[in-house]
Each structure stands twice: as structure tokens, then as C-alpha cells.
Amino acid sequence: MSKKDHGRCLVCDDAAIGLNFGIPTCMPCKAFFRRNAIKLGVQQYVCHNDGDCIISYKFRRSCNCCRLAKCFRVGMDKGMILSDEERDARNQLVEINRLKRGKVPKQQCAKWMQPSPLLIISTNPLYGLRPNDQVVLGNIFGAYENNCTIAKNVELQRVPNIQYTSLHEYCNEISFEFRSCIQFLNHIPEFARFTIDDKVRLLKNHFGIIANLSGPMMHLMSLQNAIVTWTNVFGVKIAQRLLKSSALLQAYLNDPMILKLLIVILVLSSSNGRNLHYIDIDQICDDPLGIFSAQNIYVELLWRYILSRSASHKHAVQFFNKLIMCVLYMKNLDMDIDDHINDFRWEIEQMDPIVKNMWPNSSQFEEIIDMDVAEDIAL
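Residue 1 is where the sequence shown starts when you use full-length UniProt numbering, and the numbers rise one by one after that.
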């Protein structure tokens, strides 16, 4: 398709790119006027040729004084120049409208959304799974289906697919996902053996990653409504990153085990990325070595599972590296979302109790809150 002809620049007679500050101009004259018109009265413009210089696309840089004078003479409007704040606000509005239409730049689509060739299952895998691995994987798959997939199917009949405008309404909608994941984790033998206190700590420490990983598998909203909701609730920048996160995870949805194993692995971690800005000794687990040992079981299982679907060791390493990069991206995003939500205490107070309890509270309520979470774990 041929480019639209905008005629000639009225300042220098170069090819115009469109209307800029009220008249057709080329890109150099547009940029020149924006830079220099706002300096009038602050900076002096002097012509060394009695104010009669020829301004053409070949000689337009020879005299700023005559060039600026011609800009005004042909009708360029200084009042149409936006300040930095106004330009940022306009760009943000453009991004909001683009997100609400479900559009992202083509370059982003190409980088984030195309399926990875590493996800193609090999017909001649390098390694096979151990018999016991098959049993454990079957148990994980069955536990997820019985607790999360069934819950999703029930919720699909109840929850309207709408666009949310408030943080607490959005979090309340996804609270069923979190409850379902708790029940799923209770069917993981290693998790089930920990004390109630350590279970509560693990869930509170890794709430964000649970929500992020379970979301694509269980979420009820269409992508269009999700984009609008994220923009309303978190703002444009976080909404863009959530869209990227969703695209990254989308590639793994065709695999029956990858994301389920990741949930188990990341919850079985005594680290606490949510506790960086304040010291809460109560969130330190009682049995960190036991948690570490349990996590290793599933990390090694994930590695053997990847090997069982790879044609070569190199292919498996590339896939694993890509997966780790995806996890790191989401962990970083989780911390920024946490910081955002922490600024809206009144929204947190209106959340469903199971979600509300995932955020720090005053010490007088801490014991009651942990008891509430413990009741959900014990169900």
C-alpha cells in the first residue's frame, strides 16, 4: 500500500508528513518549531543577512532566525505545542486506548506472543521418565483437575465476564482461584506434611506467583476484559507488563504439567520476596531445610520431565532457561504489583478475607488473620 501524500512542507518545500501545529510540514521543520518556538523571549535569534535568507530543504539549517520567522509566517501555531506533562498525558491516553482495544505494538507481538519452537514436543525424546515420576505427575495432574478445573467450571456458570474498575472487586473475583490452589497444594504430600504455621507463611509469601501462574489456567475473563480491568486497576505500565506476562504463559498452556509443577516448586520456597521493605520475623519459616528438600524433589522432577520431551540435552537446557526467565519476569512484576496495592489500604479492607489476609496487617489482627488462613488450609 502506497503512503498517503501530504503535499509539500510550507516552510522548506520538502515532503510533508502531515499537519503539524496547524499546517503541513516535514519532520525536521516540525521538530525545529517545537524546540525553538518555546524559546522566544528567552533566546535571541539573529540573522546575519538582513532577515532575507532563502529557506528550502537544502538551506533550511543555514539561518534559524529566518526559518523560525517563516514558520510563524506560514501559520504554525505556538499555542499547539504541548508541555512535557501534556505530552506524557496524551501518550498515556493513547496507550490506555490501545490497551482497551486489545492492541499492542507489532514489535511487542513479535517478541512476546509468538509460540516458541522450544515448546514443540519431540517425537524422539532423549530420556524417558521413571515409573515413579509418572505416578507423581499423575497425582499432581489429578489433584489440579479435581480442585481447580472443577472449581473453574462451576464459577464459569456464576461469575459474569465483566470489566472491573476497582481493585477490591477484581481481587474478590479471583479469590476462588486462590482457594482452589490451596486445596490443590494440600494434595501435595510434601506441602501437606508442614505445620499449619509454615503453610500459612508459604501461601502469604508466594501469593503473587500463585495468582500469576494459576490465572491463565483458571481465569474467567476474556483477554479484552482483562486488559481493560488491568488498566483500570493497576494503570497502563503494569497493565502492559501483565499483558506480556499473560503472553509468556500462554505458550505453556498446551502442556499439561509445566505450570502445575511450577506452582508447586515456587510455593515450596522459604524465600520471601514480599518481605523486602519491612522486617517480619513471623514470616520466617520454622522448617526451611525441609521446605528446601521438598522443593528439590519437584525441581528435579521438572528437569526430568523436560528431558523426557526434548530431542537433546541442549534443547532441554534452552527450554529450562526460557522458563526461568519467564519466572523471573513474573516475580519482578509481582513485587511491583505488591507495591501498588500497598498504597490502597482502603481497597484491601474491602477484599475477600482470604485475599485480604495476604497483605501485612497491624499486629493486633495478625493472629486472627493467620487463624482465618489456617481454616482455609484445613478445609
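Ideal Cβ positions, reconstructed from N, Cα and C, are used throughout, including at glycine.
Non-local beta-carbon contacts of Trp230 in its own chain, meaning distances under 6 Å to residues more than five positions away in sequence, involve Ala239, Leu242 in chain order.
Comparing alpha carbon positions, the residue from Thr25, Tyr127, Cys66 closest to Arg304 is Tyr127. Listed as beta-bridge partners of Gly142 by DSSP are no residues whatsoever.
The alpha-carbon of Asn357 is positioned some 11 Å away from that of Gln350. For Leu328, DSSP records no beta bridge to any residue.
Here the alpha carbons of Arg309 and Asp287 stand approximately 34 Å from one another.
Taking the Cα positions, Ala143 is about 24 Å away from Met330.
For Leu82, same chain residues with a beta-carbon under 8 Å away, outside a window of 5 residues either side, are Arg90 in chain order. Distance from the CA atom of Pro24 to the CA atom of Asn212, rounded to whole angstroms, is 48 Å.
Residue burial annotation: Ser246 is buried, with at least 16 other C-beta atoms found within 10 angstroms of its C-beta.
Under a 10 Å Cβ-count criterion, Ser312 is classified as exposed, with fewer than 16 other Cβ atoms of the shown protein chains found around its own Cβ. Bounds of the beta strand (DSSP E) holding Leu19 are 18 to 20. Annotation for Thr25: no alpha helix (DSSP H) segment contains it, though the beta strand (DSSP E) segment containing it runs 23 to 25. Fewer than three pairs of CB atoms, one per stretch, sit closer than 8 Å, so the stretch 129 to 142 makes no contact with the stretch 288 to 296. Partner residues in the beta bridge of Leu40, as assigned by DSSP, are Gln43. Bounds of any alpha helix (DSSP H) do not take in Ala251, whose DSSP letter is neither H nor E. Annotated three-state conformation of Ala15 is strand, per DSSP.
The shortest CA-to-CA distance from Ile140 to any of Phe320, Leu301, Pro353 is the one to Leu301. In this structure, the CA atom of Val46 is about 30 Å from the CA atom of Gly7. In the structure shown, Arg241 falls within a helical segment according to DSSP collapsed to helix, strand and coil.
Bounds of the alpha helix (DSSP H) holding Phe176 are 175 to 186.
Apart from sequence neighbours up to five positions away, the residues of its chain that approach Cys66 with a beta-carbon distance below 7 Å are Cys47, Gly51, Cys53, Ile55, ordered along the chain.
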